[in-house]
Amino acid sequence: MITLPEFPNRVFKNWAEAHAALKENESKIISLKCSQVYKSIEKLGGFSVTPFLDKSVISDKSHTPAWMKEGNLYPVINTTLYRDSHKDVHFNELWKRSLKANVGKLYYAEAHSLKVADIIAWPEQVKAFTAMVPWSFLGKSYEGETQALIYEIKDADIVHTGARNVIDNKREMQNSVRMQYVKMHLALNSDSSEWKENKELYDSRIDSIANKDVIEAEDKYFWAVDEAKIFKAGPMGIAGSNDVTPIIYEDPAKSTSSQADPSEDTQLTPEQKAENAFYNNLI
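Each residue of the sequence shown is one higher than the one before, starting from 251 at the first, in our numbering.
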């Protein structure tokens, strides 16, 4: 028996039946997803886990990225090519247009609050960019690289008491992104001739996904996100749905990342309730 987060009130006998339901409601689900601004901490149980990077995490200084400078901290806000708990896979360049539109406009904040007291770094102190980063930098043993959405912030600019405590004491903490989907598609691992395009998308992308084994073993589908918008902030938080890494303060080869699945025992927000109400009405 198969259950899907898109259909919380349904149980499917097999993947053919589950894929049929996804395909039948594909446009409705995508429309809903693209109409909402998500706090990724609330994306059905969590947010995207990412670390701080600084030059201390690179054991071989000859491989230090050119963009990494002394005296700066680099919160990694999001990563690509990784299936998260919402069945999404972000693909490279999804933030390209949004970054251009948000130069000098992005905050680094505590959780997803934009209250003055919760601002860790102001827009003029935040440089946002993307860079290809080895998974090993993020405490994972996957081969290859991920395109990370990164903030560059001068260490001296971070005076927020809570964030300063995290940084100075090398506490395990993670980051998130306030986002909205723009372009996404359904990828199905199905041999049905009815869903040829969805299968072609699946086949063309699956080998680039770091944790593809989870998809192949458990899901047989994913939502390919090719473009998204950043809304105002990349926040710091505690736990996440994309379990890429905790904050890194040491040599990546020695870093131990949490493998535990995020807790879903969180109270539903109004956005989640609206989303679930929509899914509950899918036939």
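Heads up, the beta-carbon is just placed ideally off N, CA and C, and yes, glycines get one too.
{"Asked": "Please classify Gln286: does DSSP put it in a helix, a strand, or coil?", "Found": "coil"}
{"Asked": "Would you kindly work out how many angstroms separate the C-alpha atoms of Asn448 and Asn439, rounded to a whole number?", "Found": "8 Å"}
{"Asked": "Secondary structure at Ser505, three-state DSSP: helix, strand or coil?", "Found": "Legend: pLDDT at Ser505 = 38, less than 50; position of this residue unreliable, value from coordinates given subsequently. If DSSP states are grouped into helix, strand and coil, Ser505 belongs with coil."}
{"Asked": "Can you tell me whether DSSP reads Leu254 as helix, strand or coil?", "Found": "strand"}
{"Asked": "When you compare each of Asn264, Ile400, Trp372, Glu343 to Asn328 by their alpha carbons, which one comes out closest?", "Found": "Ile400"}
{"Asked": "Going by beta carbon distance, what residues of the same chain come within less than 8 Å of Lys377, once the five residues before and after it are set aside?", "Found": "Tyr401, Glu402, Ile403"}
{"Asked": "Alpha carbon to alpha carbon, what distance is there between Ser386 and Glu393?", "Found": "8 Å"}
{"Asked": "Kindly indicate which residue of Thr411, Asp334, Lys278, Lys273 has the alpha-carbon position closest to the one of Asp463.", "Found": "Asp334"}
{"Asked": "Pairs of beta-carbons, one from the stretch 261-273 and one from the stretch 406-413, closer than 8 Å: are there three or more?", "Found": "no"}
{"Asked": "Going by C-alpha to C-alpha distance, which of Leu451, Leu356, Met382, Asp418 sits closest to Val475?", "Found": "Leu451"}
{"Asked": "Taking the alpha-carbon positions, what's the Asn461 to Ala467 distance?", "Found": "10 Å"}
{"Asked": "In chain order, what residues of the same chain have a beta carbon less than 6 Å from the beta carbon of His269, not counting five sequence neighbours either side?", "Found": "Leu438, Ser440"}
{"Asked": "Is Thr452 helix, strand or coil by DSSP?", "Found": "The sequence given here has Tyr at residue 452, not Thr. Residue state, collapsed to three classes: helix."}
{"Asked": "Can you tell me which residues form a DSSP beta bridge with Val475?", "Found": "His340, Met434"}
{"Asked": "If you draw a straight line from the C-alpha of Tyr332 to the C-alpha of Asp407, how long is it?", "Found": "31 Å"}
{"Asked": "So the candidates are Ile280, Phe341, Asn275; which of them puts its Cα closest to the Cα of Asp457?", "Found": "Phe341"}
{"Asked": "Whole angstroms is fine: what's the gap from Lys470's alpha carbon to Lys479's?", "Found": "27 Å"}
{"Asked": "If you check the beta carbons only, do Gln424 and Val287 fall under 7 Å apart?", "Found": "no"}
{"Asked": "With respect to the alpha helix (DSSP H) encompassing Glu274, which residues constitute its N-terminal and C-terminal limits?", "Found": "265-274"}
{"Asked": "Could you give the C-beta distance for Val427 and Cys284, rounded to a whole number, given that I count them as a contact under 8 Å?", "Found": "Incorrect: roughly 16 Å between the Cβ atoms, too far for contact."}
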